[in-house]
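Asks: Just so you know, the protein sequences line up as chains F and R, in that order. Under our numbering, the first sequence has 548 at position 86, and the numbering climbs by one with no breaks. Under our numbering, the second sequence has 618 at position 156, and the numbering climbs by one with no breaks. Using N, Cα and C, we set each Cβ at its ideal position, and we do this for glycine too. Before we start, here is the structure in question, set down as structure tokens.
Number of protein chains: 2
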Amino acid sequence: MKNKYDRFQFPVVAVDAAIFTVKEQKLCVLLVQTNKEEYKGFWALPGGLMQSHESLETTLERVVKEKANLHSVHGQQLATYGDPERDPFGRVISVAYLALLNADARELKTTKDYDDIQWVSIDDLPKLAYDHRRIIEDAVERLRSKLLYTNIACHILPEEFTLSELQNLYELILEKEFDKRNFRKKILALGILQKTEKMRSGSQARPAALYRFSQKADQEVEMI
Amino acid sequence: MKNKYDRFQFPVVAVDAAIFTVKEQKLCVLLVQTNKEEYKGFWALPGGLMQSHESLETTLERVVKEKANLHSVHGQQLATYGDPERDPFGRVISVAYLALLNADARELKTTKDYDDIQWVSIDDLPKLAYDHRRIIEDAVERLRSKLLYTNIACHILPEEFTLSELQNLYELILEKEFDKRNFRKKILALGILQKTEKMRSGSQARPAALYRFSQKADQEVEMI
DNA sequence: CCAAAAGTGTTCGTGTTACACCCATGT
DNA sequence: ACATGGGTGTAACACGAACACTTTTGG
Chain F
463 MKNKYDRFQF PVVAVDAAIF TVKEQKLCVL LVQTNKEEYK GFWALPGGLM
513 QSHESLETTL ERVVKEKANL HSVHGQQLAT YGDPERDPFG RVISVAYLAL
563 LNADARELKT TKDYDDIQWV SIDDLPKLAY DHRRIIEDAV ERLRSKLLYT
613 NIACHILPEE FTLSELQNLY ELILEKEFDK RNFRKKILAL GILQKTEKMR
663 SGSQARPAAL YRFSQKADQE VEMI
Chain R
463 MKNKYDRFQF PVVAVDAAIF TVKEQKLCVL LVQTNKEEYK GFWALPGGLM
513 QSHESLETTL ERVVKEKANL HSVHGQQLAT YGDPERDPFG RVISVAYLAL
563 LNADARELKT TKDYDDIQWV SIDDLPKLAY DHRRIIEDAV ERLRSKLLYT
613 NIACHILPEE FTLSELQNLY ELILEKEFDK RNFRKKILAL GILQKTEKMR
663 SGSQARPAAL YRFSQKADQE VEMI
């Protein structure tokens, strides 16, 4: 492949991932802390530079694997950030992705490149490198909005879940309470859930029926 | 500014603009035809490569000025396209913007770089270079969706307009008819329009009251 | 006086909200 | 037996959908 572009004339492209989950009743984002770069002591979204042969999605998969040791993280494009001042160490524009996952199903592993990797509550963000605070804010806004009209909640919940767990997820992320009867009526009427035969016991209370999403493929539905 | 990235390792970034207007009862997109490049005879969205010192918005303004001789085109980010095969002549990713304008207020000028520049009905798109057909499809979808919950229609309409013109715009872009009484009731109840003192005569019919948007700033409102 | 588009209210059905009690289990 | 969360129905209200005629102008 030919490349006719001068070495210093153009910005390079990075892909950053804002990966969310719910842990201990908190909406959390995955952050890494590097011990190598100029932003010492700062946290950042996992991300990395796009290589010539890659698509955006391939880059996303690779950097999420490299930086967070996670695979099969299903991301959707959020936005592209191109302010000339956003990276003080080079001209880099960043294509940000939004992804959701169920924390219990995955284990975080610190690689030798990093001091730390953590799920961090969005209410308690540390010092963040680049414009990553802005990206996280945009991602949370998009997430909240998409909860209303898509089935993305399915990526955060386990395969099987109770209606109360689903409602709790909505209340926690949207910071808003719903009436139990109305919520169940609404969601069940959509016909996107299947009741399983199973029950969740465990607690000192009446067991709850487990449901699953009939499709895990993303779809637009008026959830709320 | 230092740049530590190798010359051939990374993709370069382009910004492309999907600029829409309504002309002769058709939703149209602005296309240019170049006589210079490898895609001879194909049409394309106006666009160009991002330079190191620019922000995405600066690049957008510059390329729209250069390729279409338009200024103050207010665009919003649509999406970023990064398929390795999207540009057969080099590794280029494109950040696409969606913009709307009132055709009557602007004059198109062909520059010497181009064979032609035209407003083209989206129902009658010619051969398009790169993945620009895909970008236009995505842009139309976004436009339709944003008509429902934002006041973007204000960018297509003239400063002052009749309620019938507004309704006509919605029907034309959404390909759906609305009841006149319900439409007016709904829109007026939002309180985002100001009635002016003026009337539009001209036609062989009763003159219509002219309205204007009280804010031209983008805002989210349940239009429909 | 005729054609053309502007302007205007009411009814009906659907969907959203508000609200309180009994049930099944573990301890 | 009691504490815990699971599960259920109904009435009031708001909102969107359907629907037809009169008014004002230009020709």
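By the 7 Å beta-carbon criterion, what residues does the stretch 543-557 of chain F contribute toward chain R?
Replies: If the cut-off is 7 Å between Cβ atoms, the stretch 543-557 of chain F has 544, 545, 546, 552, 553, 555, 557 near chain R.
Asks: Among residues of its own chain, excluding the 5 on either side of residue 656 of chain R, which ones have a beta-carbon nearer than 8 Å to its beta-carbon?
Replies: Start at 1 with the first residue of the second sequence, and residue 656 of chain R comes out as number 194. Counting only Cβ-Cβ distances below 8 Å, and skipping sequence neighbours, we find 673, 674, 675, 676.
Asks: I'd like the ranges of any beta strand (DSSP E) spanning at least 3 consecutive residues and lying wholly in the stretch 567-598 of chain F.
Replies: Those beta strand (DSSP E) runs which fall completely within the stretch 567-598 of chain F and span 3+ residues are 576-583.
Asks: Within the same chain, show all residues whose beta-carbon is closer than 6 Å to that of residue 686 of chain R, passing over the 5 residues directly before and after it, in chain order.
Replies: Within the second sequence, residue 686 of chain R is the residue found at index 224, counting from 1. Cβ within range, chain order: 610.
Asks: With DSSP as the reference, identify every bridge partner of residue 483 of chain F, one or two as the case may be.
Replies: Taking the first residue of the first sequence as position 1, residue 483 of chain F is located at position 21. F/490.
Asks: Just to confirm the assignment: which complete beta strand (DSSP E) runs, minimum length 3, are found wholly within the stretch 511-543 of chain F?
Replies: Correct list: 537-543.
Asks: Taking 8 Å as the cut-off, does the stretch 599-609 of chain R touch the stretch 516-529 of chain R (at least 3 CB pairs, one atom from each stretch)?
Replies: Short answer: they don't touch.
Asks: Measure the alpha-carbon distance for residue 564 of chain F versus residue 584 of chain F and round it to whole angstroms.
Replies: In the first sequence, counting from the first residue as 1, residue 564 of chain F sits at position 102. In the first sequence, counting from the first residue as 1, residue 584 of chain F sits at position 122. Between residue 564 of chain F and residue 584 of chain F, the C-alpha separation is close to 16 Å.
Asks: According to a CB-to-CB cut-off of less than 9 Å, which residues of the stretch 492-518 of chain F neighbour chain R?
Replies: Per Cβ criterion, the list reads 511, 512, 513, 514, 515, 516, 517, 518.
Asks: Are the CB atoms of residue 529 of chain F and residue 550 of chain F nearer to each other than 8 Å?
Replies: Here residue 529 of chain F corresponds to residue number 67 of the first sequence, with the count starting at 1. Here residue 550 of chain F corresponds to residue number 88 of the first sequence, with the count starting at 1. Not closer than 8 Å, so no.
Asks: Restricting to Cα atoms, I'd like to know which of R/536, R/594, R/525, R/622 is closest to residue 660 of chain R.
Replies: Locating residue 660 of chain R in the second sequence gives position 198, where the first residue counts as 1. Cα-wise, what sits closest to residue 660 of chain R is R/622.
Asks: Quick check on residue 617 of chain F: buried or exposed, where buried means 16 or more other Cβ atoms within 10 Å of its Cβ?
Replies: Counting from 1 along the first sequence, the entry for residue 617 of chain F is found at position 155. Classification of residue 617 of chain F: buried, given that the 10 Å Cβ count is 16 or more.
Asks: Would you kindly report the start and end of the unbroken alpha helix (DSSP H) that includes residue 619 of chain F?
Replies: Residue 619 of chain F sits at position 157 when you count from the first residue of the first sequence. Looking at the DSSP string, residue 619 of chain F is not in any alpha helix (DSSP H), and its letter there is neither H nor E.
Asks: Output, in chain order, the set of chain F residues within a Cβ distance shorter than 8 Å of residue 539 of chain R.
Replies: Reading the second sequence from its first residue, position 77 is the one you call residue 539 of chain R. Under the 8 Å cutoff, chain F gives 541, 542.
Asks: So with Cβ pairs under 8 Å, would you call residue 467 of chain R a contact of chain F?
Replies: Here residue 467 of chain R refers to the residue found at position 5 of the second sequence. Because the pLDDT at residue 467 of chain R is just 35, under 50, the model does not fix this residue reliably, and the value given afterwards should be weighed accordingly. Chain F contact via Cβ: present.
Asks: One question on the structure: do residue 612 of chain R and residue 523 of chain R come within less than 8 Å of each other, judged by their Cβ atoms?
Replies: Indexing the second sequence from 1 puts residue 612 of chain R at position 150. Indexing the second sequence from 1 puts residue 523 of chain R at position 61. No, Cβ-Cβ distance for residue 612 of chain R and residue 523 of chain R is not below 8 Å.
Asks: Residues of chain F with CB closer than 7 Å to the CB of residue 475 of chain R, please, in chain order.
Replies: The residue labelled residue 475 of chain R in the question sits at position 13 within the second sequence. Chain F residues near residue 475 of chain R: 472, 473, 475, 555.
Asks: Shortest alpha-carbon distance to residue 514 of chain R belongs to which of F/594, F/510, F/544, F/536?
Replies: On the second sequence, residue 514 of chain R is found 52 positions in, with the first residue counted as 1. Nearest option by C-alpha distance: F/544.
Asks: Candidates R/471, R/512, R/679, R/620: which alpha carbon is nearest residue 511 of chain F's?
Replies: Residue mapping note: residue 511 of chain F aligns to position 49 of the first sequence, counting from 1. Of the listed residues, the one whose Cα sits closest to residue 511 of chain F is R/471.
Asks: Going straight from the alpha carbon of residue 482 of chain F to that of residue 495 of chain F, what length do you get?
Replies: Sequence index remark: in the first sequence, residue 482 of chain F carries index 20 (1-based). Sequence index remark: in the first sequence, residue 495 of chain F carries index 33 (1-based). Going from the Cα of residue 482 of chain F to the Cα of residue 495 of chain F covers about 17 Å.
Asks: So, is residue 663 of chain F buried or exposed, given that buried needs 16 or more other C-beta atoms within 10 angstroms?
Replies: By one-based count along the first sequence, residue 663 of chain F stands at place 201. Classification for residue 663 of chain F: exposed.
Asks: If you reduce the DSSP assignment to three classes, tell me which class residue 559 of chain R lands in.
Replies: The residue given as residue 559 of chain R occupies position 97 in the second sequence. Reduced to three states, the DSSP call for residue 559 of chain R is strand.
Asks: For residue 472 of chain R, which of helix, strand or coil comes out of DSSP?
Replies: Taking the first residue of the second sequence as position 1, residue 472 of chain R is located at position 10. In the structure shown, residue 472 of chain R sits in coil (DSSP, three-state: anything other than H, G, I, E or B).
Asks: Quick one: using the 10 Å Cβ neighbour count with 16 as the cut-off for buried, is residue 594 of chain R buried or exposed?
Replies: Your numbering for residue 594 of chain R matches position 132 in the second sequence. Residue 594 of chain R should be labelled buried.
Asks: Enumerated in chain order, which unbroken segments of the alpha helix (DSSP H) with a length of 4 residues or greater are wholly contained in the stretch 622-651 of chain R?
Replies: For the stretch 622-651 of chain R, whole alpha helix (DSSP H) runs of length 4 or above, ordered along the chain, are 625-636.
Asks: So, using beta-carbon positions, are residue 581 of chain R and residue 650 of chain R closer together than 8 Å?
Replies: Working through the second sequence from its first residue, we reach residue 581 of chain R at position 119. Working through the second sequence from its first residue, we reach residue 650 of chain R at position 188. Going by C-beta atoms, residue 581 of chain R is not nearer than 8 Å to residue 650 of chain R.
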